[in-house]
Amino acid sequence: MVVTNTKTGLYFTPVASFTLILFSIGKRVKKVAIAKQHFKEIPEWKIEELIATGDVLYCSGGFAIEQMEGFLGELEGERETIIGMPVAVTKELLELAVAVDS
Numbered sequence: 000m001v002v003t004n005t006k007t008g009l010y011f012t013p014v015a016s017f018t019l020i021l022f023s024i025g026k027r028v029k030k031v032a033i034a035k036q037h038f039k040e041i042p043e044w045k046i047e048e049l050i051a052t053g054d055v056l057y058c059s060g061g062f063a064i065e066q067m068e069g070f071l072g073e074l075e076g077e078r079e080t081i082i083g084m085p086v087a088v089t090k091e092l093l094e095l096a097v098a099v100d101s
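The opening position of the sequence shown corresponds to residue 0 in numbering that gives the first Met the number 0, with each subsequent residue numbered one higher.
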């Protein structure tokens, strides 16, 4: 995970990495999903609100995207990658497991 604050704004880049171990054929398949969530300007009151709830202590990357709805900018990649379980990568690994097992 990377949080970057640049001249063009703040963005969060989570990286989700998965390894599927196929014991039946002795093979490992690794997949990585990366997303970049840009933010609009976040006012001080919102930052204080997030800290006060304590939720930022228990969320991947230190924030719950659901609590940031009014401050989200462009999203590059899947929202699910930010939440923690990218659908495309998960589906690809499951399809591979089923194909190998068949």
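No residue lacks a Cβ here, since even glycine has one placed at the ideal position from N, Cα and C. Model, not experiment: these values are computed from the prediction.
What are the partner residues of Y57, as DSSP defines its beta bridges?
Along the sequence shown, read from residue 1 onward, the residue named residue 57 stands at position 58. For Y57, which the question treats as bridged, DSSP gives no partner whatsoever.
Can you tell me whether DSSP reads G25 as helix, strand or coil?
For the purposes of this step, residue 25 is taken as residue 26 along the sequence shown, with counting starting at 1. Note: G25 maps to coil in three-state DSSP.
Under 7 angstroms between the Cβ atoms of G8 and A34?
As a position in the sequence shown, residue 8 is number 9, starting the count at 1. As a position in the sequence shown, residue 34 is number 35, starting the count at 1. Result no, Cβ atoms of G8 and A34 do not sit closer than 7 angstroms.
Who are A32's beta bridge partners in DSSP?
Your numbering for residue 32 matches position 33 in the sequence shown. The partner list for A32 (beta bridge, DSSP) reads A15.
Could you check which residue in I41, V31 and T52 has the C-alpha nearest to that of V88?
As a working mapping, residue 88 is identified with position 89 in the sequence shown. Ranking I41, V31 and T52 by Cα distance to V88 puts V31 first.
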